[in-house]
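Heads up: the sequence shown runs through residues 1 to 556, numbered per full-length UniProt numbering.
Glycine included, C-beta positions come from ideal geometry on N, C-alpha and C.
The structure under discussion appears below in the form of structure tokens.
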Amino acid sequence: MEMNTSEMAQLISENGHPRNRLQGSGKLPTSSWELHEGTEESSTTIFNWAGVAWILPLLGGFLADAYTGRFWMIVVSIVIYLLGLILLSLSMSLNRLRPPPCPTRVNCTPATQTQENVFYLALYMVAIGIGGVTPCLSPFGADQFNEDDEKEKQMKRSFFNYYGLAVAGGSVVALSVLVYVQETVAWGWGYAVPAFGLGIAFVLFISGLPKYRHQPPTGSPLTEVAQVFTAAILNAKVDVPADPGMLHDAKVQGKRNVLHTNSLRFLDKAAVIRQRDFIPSIQADPLDPEKRTSLKVSPWRLCGVAQVEEVKLLVRVMPIWIFSLMFMVHITQITSFFLRQGLSMDLSMGPNFKIPAASLTIFNSLTAILCIPLYNEYFVPLMRRITGNERGISMLQRIGTGLVLTTVAMIVAAVVENERLEVVREHGLEDQPAVAVPMSAFWLLPQYMIFGVSEVFVMIGQYEFFYDQAPDDMQSIGTALYMSNTGVAHFLCTAILKIVVNVTSNGGRSGWIVNNLNRCRIDKYYWMLAALGAANFVCYVVVARWYTYKKAVRQY
């Protein structure tokens with residue numbers, strides 16, 4: 001209970017703060033309203049901040065696995081997170097810390113250097129908090145289940161689905177209640193409320209301390225990785241024996257040791273036993289498993305099979321990581337161009353109410369909330385009967401299905417944007433960006449909802465995959481690897497956007513991306529992303545077929 005409450009409150013805070021501050025409303029920080037930036041500049045701000053925020057989990061995961069443990073990393077990071085939220089609230093509440101309002105969105109007074117400095121200080125404090133919390137919270141929750149107990153093992157699989165449900169639940173609250181507070185009460189309260197909620201969740205999380213199972217830090221896992229590569233290089237000219245039993249078998253008692261696989265055979269050279277690696281001893285035969293002795297061996301010249309296999313795991317997941325990037329490239333459009341489309345359209349919901357543009361994203365989260373239980377209760381049992389797989393479909397098949405759906409969502413988005421531009425031209429609104437286009441923003445719902453379904457497959461699938469396939473001593477890093485996928489994808493979005501702007505505006509042309517959305521050709525941009533998604537999926541299928549899943553046994 002404490003875990004789910006903490007995760008939901010974190011997501012409420014995360015969706016309710018910098019993402020809204022810079023764009024006026026939304027899920028990631030764009031600076032178009034509050035810092036009065038243009039389309040390209042504000043989109044770049046989104047991608048750069050998110051890139052930093054979601055790459056920092058690699059550092060947080062490393063520190064947790066190596067030194068602090070997951071629990072204390074979560075505690076320290078939430079404190080920093082809270083301080084960042086409080087500073088954000090102050091920066092929105094005090095007139096001297098924010099630029100004057102600019103309802104016309106034309107010739108706006110830019111923020112002063114001091115205002116920008118205070119805001120970005122708060123923003124990157126939040127990023128540091130994200131960097132520590134996100135790689136540790138879900139692995140810490142999964143640590144509460146005993147992998148050797150079949151019942152708890154089944155519960156652990158469901159945990160990742162309901163973890164995703166908590167994520168989506170936090171998003172729904174953030175994109176409805178908090179957006180309403182920000183737009184109708186005050187921006188300062190819009191950040192104070194999630195800070196208060198995160199504080200309550202923090203207390204609840206701490207209260208569960210006596211009940212938690214803790215995985216102790218094991219020292220720097222990167223050192224072990226470096227040892228394997230060093231030993232493999234030093235033994236580059238050594239032949240790998242055909243019998244894996246002839247490799248150095250240095251099992252660690254009390255932990256699950258990864259079994260030998262025949263892939264990436266070069267790394268097996270790190271476990272090849274040579275006579276000179278051992279100090280001579282009476283009745284010791286290093287080539288006979290029954291007569292080996294625990295003699296002094298440099299870990300930089302000879303590594304155990306289990307250690308080598310753990311490094312193989314990290315190497316094998318990297319192609320999956322690379323070809324999962326396009327999913328995040330696609331989904332970040334929700335927090336940039338999708339939102340700008342919504343702001344330009346008719347947001348009426350009946351004669352007397354207008355839905356905030358940021359709240360359109362709620363349909364993405366609601367779709368995920370509805371689909372997660374359906375996936376767990378109906379889809380998995382059905383597919384289990386068909387495939388015989390305990391998960392219904394494999395983790396990589398689950399991710400691949402989501403990649404297809406995101407490409408479909410981009411195609412739908414391109415068609416809808418083309419229709420919006422037709423309406424703009426019909427009503428002569430090309431040079432009136434502040435006037436709402438007479439086309440309901442609810443035309444955007446199909447693309448939001450398809451993305452919601454895709455998240456059930458890709459995001460939860462990636463959570464489970466990178467946790468499950470990481471070595472036991474590196475599961476925070478494994479989760480952080482998934483988080484860093486989000487960060488790198490945001491930087492990739494920045495690069496793609498820059499290339500599109502430069503190429504399409506070459507030779508004095510207006511280009512696809514300009515400050516006036518009604519003069520943009522975002523539809524062509526979406527078609528390009530859909531084409532990239534299709535090509536990426538083909539590559540993903542190739543590397544997924546090559547992948548070998550982890551097999552581990554516990555030594556007693």
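Which residues mark the beginning and the end of the beta strand (DSSP E) in which residue 100 is found? Walking along the sequence shown from the start, residue 100 turns up at place 100. It is not in any beta strand (DSSP E) - residue 100 carries neither H nor E in the DSSP assignment.
With DSSP as the reference, identify every bridge partner of residue 354, one or two as the case may be. Walking along the sequence shown from the start, residue 354 turns up at place 354. Beta-bridge pairing links residue 354 to 348.
Taking 8 Å as the threshold, find out whether the region 503 to 516 comes into contact with the region 341 to 350 through three or more Cβ pairs. Using a Cβ-Cβ distance cut-off of 8 Å, the region 503 to 516 and the region 341 to 350 are not in contact, since fewer than three pairs of beta carbons, one from each stretch, lie closer than that value.
Residue 139 to residue 475, Cα distance in whole Å? For this step, residue 139 is matched to residue 139 along the sequence shown. For this step, residue 475 is matched to residue 475 along the sequence shown. Their Cα atoms are separated by approximately 7 Å.
For residue 85 and residue 125, the rounded distance between their alpha carbons: Taking the first residue of the sequence shown as position 1, residue 125 is located at position 125. Taking the first residue of the sequence shown as position 1, residue 85 is located at position 85. Approximately 8 Å between the Cα atoms of the pair.
Bounding residues of the beta strand (DSSP E) (the contiguous stretch that carries residue 438): Counted from its first residue, the sequence shown places residue 438 at position 438. Residue 438 -> beta strand (DSSP E) spans 437 to 440.
Considering only the beta carbon of each residue, do residue 517 and residue 325 sit closer than 8 Å? As a working note, residue 517 is residue 517 in the sequence shown. As a working note, residue 325 is residue 325 in the sequence shown. Going by C-beta atoms, residue 517 is not nearer than 8 Å to residue 325.
Evaluate residue 549 with the Cβ neighbour count: other Cβ atoms within 10 Å of its Cβ, from every protein chain shown; 16 or more gives buried, anything less gives exposed. Sequence index remark: in the sequence shown, residue 549 carries index 549 (1-based). So residue 549 counts as exposed.
Out of 110, 75, 537 and 229, which has the shortest C-alpha to C-alpha gap to residue 207? Taking the first residue of the sequence shown as 1, we reach residue 207 at position 207. Considering only alpha carbons, the answer is 75.
If you drop the 5 nearest sequence neighbours on each side, which residues of the same chain put their C-beta closer than 6 Å to that of residue 154? Taking the sequence shown and counting its residues from 1, one reaches residue 154 at position 154. Excluding residues within five positions, none has a Cβ falling inside 6 Å.
Given this structure, state the Cα-to-Cα distance separating residue 5 from residue 407, to the nearest angstrom. On the sequence shown, residue 5 is found 5 positions in, with the first residue counted as 1. On the sequence shown, residue 407 is found 407 positions in, with the first residue counted as 1. The pLDDT assigned to residue 5 is 43, lower than 50, so where the model puts this residue is not dependable, and the model offers no usable value.
Could you check if residue 32 is buried or exposed, using at least 16 other CB atoms within 10 Å of its CB as the buried criterion? For the purposes of this step, residue 32 is taken as residue 32 along the sequence shown, with counting starting at 1. At residue 32 the pLDDT is 42, less than 50, meaning the model places this residue with poor confidence and gives no usable figure here.
Opposing strand residues paired with residue 532 [DSSP bridges]: In the sequence shown, counting from the first residue as 1, residue 532 sits at position 532. Bridge pairing for residue 532: absent [DSSP].
For residue 302, which of helix, strand or coil comes out of DSSP? As a first step, residue 302 is located in the sequence shown; it is residue number 302 there, counting from the start. Secondary structure of residue 302 (DSSP, three-state): coil.
CA-CA distance, residue 351 and residue 445? Here residue 351 is taken as the residue at index 351 of the sequence shown, counted from 1. Here residue 445 is taken as the residue at index 445 of the sequence shown, counted from 1. Rounded to whole angstroms, residue 351 to residue 445 spans 20 Å at the Cα level.
Can you tell which of 480, 81, 426 and 98 has its C-alpha closest to the C-alpha of residue 201? In the sequence shown, the residue the question calls residue 201 occupies position 201. Comparing alpha carbon positions, the residue from 480, 81, 426 and 98 closest to residue 201 is 81.
Residue burial classification, residue 486 (beta-carbon count within 10 angstroms, cutoff 16): Residue mapping note: residue 486 aligns to position 486 of the sequence shown, counting from 1. By the Cβ-count criterion, residue 486 is buried, with 16 or more other Cβ atoms from all chains shown falling within 10 Å of its own Cβ.
Delimiting residues of the alpha helix (DSSP H) encompassing residue 140: Along the sequence shown, read from residue 1 onward, the residue named residue 140 stands at position 140. First-last of the alpha helix (DSSP H) with residue 140: 113 to 142.
Can you list, in chain order, the residues of its chain with a C-beta nearer than 6 Å to that of residue 559? Leave out the 5 residues immediately preceding and following it. The question about residue 559 has no answer here: the residues shown for the chain are numbered 1 through 556.
Ordered list of beta strand (DSSP E) runs contained in the region 460 to 509, each at least 3 residues: If only uninterrupted beta strand (DSSP E) runs of at least 3 residues are considered, none is enclosed by the region 460 to 509.
State the DSSP-derived secondary structure class of residue 517, mapped to helix, strand or coil. Indexing the sequence shown from 1 puts residue 517 at position 517. DSSP places residue 517 in helix when its eight states are reduced to three.
Using a threshold of 8 Å, state whether the C-beta atoms of residue 558 and residue 164 are closer than that. The chain is shown from 1 up to 556; residue 558 falls before or after that span and cannot be answered.
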